[in-house]
């Protein structure tokens, strides 16, 4: 698919790694999705058809110990909300930053445990990567993520359907890609975002890149000057703010 052209997929043959205990599930599947979940098929989202002048700024691969706090300061100073797709093993390394992201009104999404190319792996491996991350986010914030972004965008149509059926997690891709991971420079990153963003855009960036964070003041102010507002992925999709979702625990009592 054209959405996945940002990076070259690894060969599926090199991804034939099995879990030692593929039947093991983490705690996250025992956390029910919100009771107010909108009944709509959101298997894959690349942009949102909206008449409102709203875009979703999304940041992948964090949290970063110094860059993410700097980015949060910029967002707070402007009263803007964003969505952070976090890597599970980084969540457990910097839980205070994760808690700050949630406390300041931003949404946290699932970006796998260790950032593998998931396209060639088994369903049990994929779910383990996702469930382990959801569990880590839940333990820090008190709520599980409700959307998933695959590393590199590498997730087959069948996998996306499987994830939605088994975990009710939509796969969130993007419609604006400044290719900031190539480190073209802050001004180029900002220019690419400003040139291609429109109402309903899902903008892909990485807050582990210093050039990306340096590009954000120009990006935020430029989009705002064009009359565009900032929403989280849940808000873009017509769902309640992540912090206001009605989650219920279905963890079975020990016995």
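Numbering (the working numbering), first residue to last: 131 to 385. Every residue gets a Cβ at the ideal spot worked out from N, C-alpha and C, and that includes glycine.
- Scanning its chain for C-beta atoms nearer than 8 Å, with the 5 sequence neighbours on each side dropped, one finds around residue 286 the residues 249, in chain order.
- Taking 9 Å as the cut-off, the beta carbon of residue 302 is found closer than this to the beta carbon of residue 277.
- Between the region 189-203 and the region 333-345 there are three or more inter-stretch CB-CB distances shorter than 8 Å, so the stretches are counted as touching.
- Taking a cut-off of 8 Å for Cβ pairs, the region 203-212 and the region 175-184 do not touch, as fewer than three such pairs fall below it.
- For residue 191, the enclosing beta strand (DSSP E) has its first and last residue at 184-192.
- A distance below 6 Å between beta-carbons, with the five flanking residues on each side excluded, links residue 225 to the following residues of its chain, in chain order: 270.
- Around the beta carbon of residue 322, 16 or more other beta carbons sit within 10 angstroms, so the residue counts as buried.
- The continuous alpha helix (DSSP H) containing residue 350 extends over residues 340-355.
- Residue pairing from DSSP places residue 360 in a beta bridge opposite 185.
- About 16 Å separates the beta carbon of residue 232 from that of residue 361, a gap too long to meet the 8 Å contact definition.
- DSSP, reduced to helix, strand and coil, places residue 268 within a helical segment of the structure shown.
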